[in-house]
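S.K.:
Protein chains: 2
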Amino acid sequence: MNPPTPRPQPIGRLAEATGLKVPTIRYYEQIGLLPSPPRSQGNRRLYPDSAIARLRFIRHARELGFEIESIRQLLDMADHPDQSCADADSIARRHLADIQSKIARLTALGEEVSQMIAGCRQSSVRQCRVIQVLADHGQCLGEHLAGSVKINEK
Amino acid sequence: MNPPTPRPQPIGRLAEATGLKVPTIRYYEQIGLLPSPPRSQGNRRLYPDSAIARLRFIRHARELGFEIESIRQLLDMADHPDQSCADADSIARRHLADIQSKIARLTALGEEVSQMIAGCRQSSVRQCRVIQVLADHGQCLGEHLAGSVKINEK
DNA sequence: GCTACAATCTCTAGCGACTAGAGAAGCAAG
DNA sequence: CTTGCTTCTCTAGTCGCTAGAGATTGTAGC
């Protein structure tokens, strides 16, 4: 006879339902991505069903490589469905450009590393092409890595 | 008449010669990649010329995306030129595999993100394909991202 | 010698996105 | 009542640096 009142869920259930780990969910709350849910008498978090959708959104966006700050903006937009989605579009475009430049860089790295490997005759270190190339930048494929490259990113 | 005795260099000179920043060089010393050089009376580091080659090796390897721990091993090998280079080879191969899997993953992400963008008609958020797809995993290209994906890597 | 100013020193903290662990408390079943 | 699981808070660690404070040293010009 009751209308199907979905009971609030504890954090572990939420973790199961979303595929996120429990500490990750707490972390998202801490950084303000997920609103703090009400607590039980014993101080446990009890989540409404809406939390599942929100966390799935976050997880999917993270899987697609969006940064937390972008996700924060995307969630804001999802919360205001009557506004323009131009910003969402531009966030996604920026992200796509980022992905493509990473691919380009990794492709260049991959070619260079495989050249190194191909040149190695597997004898002593003295003749190792891998070590030689690393020791002498001049021996590498090209200059495409110099200058334009941020050394500190993967 | 003197044989060309290369004078030890201060850290700033070394930074210029290698393209690394001064704090980065100190950091490499701190983590044991670069041996601690002798100091001047006033406690400044004075580097022998060999430090330049070592730092260039490190920089080049970092540009190629090798992790510090791999570089540590590669440097060990470079220091023992009579040993076998099979390990260097396998480090490089492992790194190549890593690069290739990142490329594969980024390519999949890029396709999915560009599908999202292509589907967006730039109207309100309610009809925004970008937001929709993020909100509902089922709408995305495929299952290739599910399960096999570590959410926490870029 | 004195005065600027640059370079260097040590130390600590911050980045992003979590992850791991300690130690305490709550909760359900037997 | 005990056992064992879940949850709680808090702190610290990951990687490869980077930024900043505040002190000291070195150098160039006058």
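In order, the protein sequences belong to chains A and B.
No gaps in the numbering here: position 149 of the first sequence is 148 in numbering that gives the first Met the number 0, and each next residue is one more.
No gaps in the numbering here: position 56 of the second sequence is 55 in numbering that gives the first Met the number 0, and each next residue is one more.
Cβ coordinates follow ideal geometry from the N, Cα and C atoms, glycine included.
(1) With the cut-off set at 8 Å, would you say G106/A and I102/B are in Cβ contact?
(2) Quick check on K149/B: buried or exposed, where buried means 16 or more other Cβ atoms within 10 Å of its Cβ?
(3) When the Cα of R6/A is compared with those of S35/A, N42/A and Y46/A, which residue comes out closest?
(4) Does DSSP classify Q82/B as helix, strand or coil?
(5) Spell out a yes or no on whether the stretch 7–19 of chain B and the stretch 51–68 of chain B are touching, meaning 3 or more CB-CB pairs, one atom from each, closer than 8 Å.
(6) Check for me: the alpha helix (DSSP H) holding Y27/B runs from which residue to which?
(7) Is G41/B buried or exposed, if buried means 16 or more other CB atoms sit within 10 Å of its CB?
(8) Let me check understanding here. Comparing Cα to Cα, which of G18/B, A50/B, P80/B and H79/B lies closest to G31/B?
(9) Which ranges does the beta strand (DSSP E) cover as unbroken runs of at least 3 residues, wholly within the stretch 78–122 of chain B, from first to last along the chain?
(10) Going by DSSP in three states, L138/B sits in which element: helix, strand or coil?
(11) Closer than 9 Å by beta-carbon distance: list the chain A residues that pair up with G118/B, in chain order.
(12) Does the distance from the CB of L133/A to the CB of L73/B come in under 8 Å?
(13) Since I believe I130/B is in contact with A166/A (beta carbons under 8 Å), could you give me their beta-carbon distance rounded to a whole number of angstroms?
(14) For a test of the three-state rule: what should DSSP assign to R128/A, helix, strand or coil?
(15) Cutting at 6 Å between CB atoms, please list the residues of its own chain near E28/B, excluding the five before and the five after it.
(16) Just how far apart, CA to CA, sit S83/B and C127/A?
(17) Give the residues of chain B in contact with E15/A, contact being defined as C-beta atoms less than 9 Å apart.
(18) Quick check: S113/B and L95/A, are their CB atoms within less than 8 Å of each other?
(19) Identify whether R58/B lies in helix, strand or coil by the three-state DSSP scheme.
(20) Give the straight-line distance between the Cα atoms of R43/A and Y26/A, rounded to the nearest whole angstrom.
(21) DSSP state of R6/B, grouped into three classes?
(22) Do H79/A and V124/B have their beta-carbon atoms positioned less than 8 Å apart in this structure?
M.R.: In terms of the structure at hand:
(1) Going by the sequence as given, residue 106/A is Thr instead of Gly. One thing to note: T106/A has its Cβ within 8 Å of the Cβ of I102/B.
(2) Because the pLDDT at K149/B is just 47, under 50, the model does not fix this residue reliably, and the value given afterwards should be weighed accordingly. Around the beta carbon of K149/B, fewer than 16 other beta carbons sit within 10 angstroms, so the residue counts as exposed.
(3) Nearest option by C-alpha distance: Y46/A.
(4) Q82/B sits in coil when the DSSP states are folded into three classes, being neither helix nor strand.
(5) Taking 8 Å as the limit for Cβ pairs, the verdict is that the stretch 51–68 of chain B does touch the stretch 7–19 of chain B.
(6) Where Y27/B is concerned, the enclosing alpha helix (DSSP H) stretches over V21 to Q29.
(7) So G41/B ends up on the exposed side.
(8) Closest option to G31/B, Cα to Cα, is A50/B.
(9) Here no run is fully enclosed.
(10) According to the sequence displayed, residue 138/B carries Gln and not Leu. Residue state, collapsed to three classes: helix.
(11) One finds nothing in chain A with a Cβ atom closer than 9 Å to the Cβ of G118/B; even the nearest lies about 10 Å away.
(12) Yes, they are a contact pair.
(13) Residue numbering for chain A in the displayed model covers 0 to 153; residue 166/A lies beyond these limits and cannot be assessed.
(14) Of the three classes helix, strand and coil, the one that applies to R128/A here is helix, per DSSP.
(15) Close CB contacts of E28/B within its chain, under the 6 Å cut and outside five residues either way in sequence, are with S35 (chain order).
(16) The straight-line gap from Cα to Cα measures roughly 9 Å.
(17) The premise fails here: E15/A is roughly 15 Å from chain B at the closest Cβ pair, so nothing lies under 9 Å.
(18) Between S113/B and L95/A, the C-beta gap is smaller than 8 Å, which places the two residues in contact.
(19) Here R58/B sits in helix by DSSP.
(20) Cα to Cα, R43/A sits roughly 15 Å from Y26/A.
(21) R6/B sits in coil when the DSSP states are folded into three classes, being neither helix nor strand.
(22) Yes, they are a contact pair.
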